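If you count the sequence shown from 1, you need to add 44 to reach the working numbering.
Everything on this sheet refers to the single structure shown next.
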Amino acid sequence: MDFSLSEEQQMIFDMAYDFGQSEIAPYARQWEAEGTIPKTIWPEIAALGFGGLYVSESHGGSGLSRLDATLVFEALAMACPAVGSFLSIHNMCGGMVDKFGSPESKAKWLPKMCSMETVFSYALTEPGSGSDASALRSKAARGDAGYRLNGTKAFISGGGYSDAYLVMARTGEDGPKGISCMVVEAGAKGLSFGALEEKMGWKAQPTAQVQFDDCDIPQENLIGEEGKGFSYAMAGLDGGRLNISASALGGAQNALNIALNYMGERRAFGKTLDQFQALQFRVADMETELQAARIFLRQAAWKLDSGAPDATKYCAMAKRFVTDTAFEVANGSLQMLGGYGYLADYGIEKIVRDLRVHQILEGTNEIMRLITARAVLQERDRG
């Protein structure tokens, strides 16, 4: 059992970290104020191989493992969690098309996804179906040349910004078996968007409702088999949960680094803050918790890469543990700075706001507990 990164994995992390620090971190506050991420950044990220992290090399991807991908998102999130997490959503879509799409679908979508000429968003959640995702009501009725789609998607990162949307829609009976996965391209007739949402964090990511009104979808835009969309979505979310966790971990690590630097400079009662034992103990606890979260995350990624039967349980457990831990560490780091932590100039308040949503999306942490408990009880019943 080897817990160290390989030389190649360390290079992947360093490359992502260096890019984030030079090309994202200096502009993170500006992009947050503007409420958008310049589209010119995506081809630069794609040039590093980050546009199709686990897409096969034959279609322009990097063919990396899920563990490798967590290193990329952790490193980028140390510059800005909102930007890194948006990239993770695009990569989740690419992974789903690569894994479940027909050869024709892969040839049509993956090269431009990997080059990020086409930026993808993921559209599952609806106003009336969040945690109960299989209750979605967006309906794609069969027509002569494909499907006619009607419905609304909510909380869509990239709504009105992205070039294409990987949409889960009902093509059959109620419940999970009646859901299919299809691509809707920006500019499609009947596709429209709500006003941009005003959010607590992730402000650099445009977020909006996505509306389909008699939106015609060509048959070739169906991904995989009709009626299998929900299983594709759940499989995609295993990896998505790891990526969101990695982004939370990177944000929390950056917050702790800021706090540590501040403690070495700030003086109170005749000495620097890092000389107070009470604060040293707090630092020790936060470091321990982050290291535990990192190891757990990488174990879950290894489980998913190796096709372990309990991979979904581990992805759920890791998502719950890592995102809860990351938020608490970021919030605790803010506290170490006192009033200065509350000021935007010091960078931590943005991290705290950004990381709060990681406990909600890709399945709330309450749903992660439900997945875990069900798996544990099933294991018990199997003996």
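Glycine included, C-beta positions come from ideal geometry on N, C-alpha and C.
On a predicted model such as this, the values are computed, not experimentally measured, just so you know.
For G187, which option in S175, F144, L405, D260 has the closest C-alpha, if you only look at C-alpha atoms?
Answer by Cα proximity: D260.
Terminal residues of the beta strand (DSSP E) in which P262 lies:
Its beta strand (DSSP E) spans residues 251-262.
Pairwise C-alpha distance: G268 and S206:
S206 and G268 have their C-alpha atoms spaced approximately 22 Å apart.
Just the C-alpha distance for A60 and S275, rounded to the nearest angstrom, thanks.
CA-to-CA, the gap between A60 and S275 works out to about 31 Å.
G172 versus W86, Q253, L120, residue with shortest Cα-Cα distance:
In terms of CA proximity to G172, Q253 leads the group W86, Q253, L120.
Around the Cβ of G314, are there at least 16 other Cβ atoms within 10 angstroms (buried) or fewer (exposed)?
With a threshold of 16 other beta carbon atoms within 10 Å, G314 falls short and is exposed.
Using the beta-carbon count (16 or more within 10 Å), is P250 buried or exposed?
Around the beta-carbon of P250, 16 or more other beta-carbon atoms lie within 10 Å, marking it buried.
By the three-class DSSP mapping on this structure, what secondary structure does K347 have?
Here K347 sits in helix by DSSP.
Please confirm if the segment 87-96 is in contact with the segment 313-327, defined as three or more CB-CB distances below 8 Å between the two stretches.
Short answer: they don't touch.
Reference G123; option with closest CA among E76, A91, S165, N135:
It should be noted that the sequence gives Ala, not Gly, for residue 123. That would be E76, whose Cα lies nearest to the Cα of A123.
Report, in whole angstroms, the separation of the C-beta atoms of D112 and I68, which I expect to be a contact under 8 Å.
Contact annotation, D112 with I68: C-beta distance approximately 20 Å; criterion of less than 8 Å not satisfied.
Proximal residues to S236 (C-beta, below 6 Å), its chain only, five neighbours per side dropped
Correct list, in chain order: Q255.
So, helix, strand or coil for R400, using DSSP?
Helix.
Quick one: grab the DSSP three-state call for A198.
Strand.
Candidates A121, E148, G105, A126: which alpha carbon is nearest N135's?
Of the candidates A121, E148, G105, A126, the residue whose Cα lies closest to the Cα of N135 is G105.
DSSP beta-bridge partners of S275
DSSP output for S275 lists no bridge partner at all.
Would N265 and G204 be called neighbours here (beta carbons separated by less than 8 Å)?
Annotated as distal: N265 and G204, with beta-carbon spacing of 8 Å or more.
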